[in-house]
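Shown next, in structure tokens, is the structure this report addresses.
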Amino acid sequence: MDKTVTFSFSSTIYEGIEATETFNFKELGIDENLDNEALKIEIERIFQAWVWDKLNISFSIFINKDNP
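Numbering (full-length UniProt numbering), first residue to last: 1 to 68.
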């Protein structure tokens with residue numbers, strides 16, 4: 001049987017902003033033989049991309065340096 005992971009989020013600020021989906025490791029391209037730490041890192045990376053896609057988030061970061 002394939003291992004699965006369920007991603008879920010909801011907003012405590014905006015009513016109705018929520019989603020839940022279950023994927024098997026094969027769908028996500030995750031090697032089932034990864035050690036626990038590598039697996040945790042990979043799932044976190046995929047989860048963040050999934051949430052950003054669901055919320056249609058894009059962002060930019062600009063840092064201004066003071067010129068001496």
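Just so it is clear, CB atoms sit at the ideal spot from N, CA and C, and this is done for glycine as well.
A quick note: this is a predicted structure, and the numbers were derived from the prediction, not measured.
Are ASN24 and THR4 closer than 7 Å when you measure CB to CB? The sequence position of residue 24 within the sequence shown is 24, counting from 1. The sequence position of residue 4 within the sequence shown is 4, counting from 1. Yes, they are a contact pair.
Would you report the Cα separation of ALA19 and ILE61, rounded to the nearest angstrom? The residue labelled residue 19 in the question sits at position 19 within the sequence shown. The residue labelled residue 61 in the question sits at position 61 within the sequence shown. Using only the alpha carbons, I get a separation of about 27 Å.
With a CB to CB cut of under 6 Å and the five nearest residues on each side skipped, what residues in its chain are close to GLU21? Position 21 of the sequence shown, counted from the start, is the residue given in the question as residue 21. So the qualifying residues of the chain are PHE7.
Length-filtered (4 minimum) alpha helix (DSSP H) runs lying within the segment 23 to 54: At a cut-off of 4 residues, the continuous stretches assigned as alpha helix (DSSP H) that sit fully inside the segment 23 to 54 are 25 to 28.
In this structure, what does DSSP give as the bridge partners for THR4? Mapped onto the sequence shown, residue 4 falls at position 4. Partner(s): ASN24.
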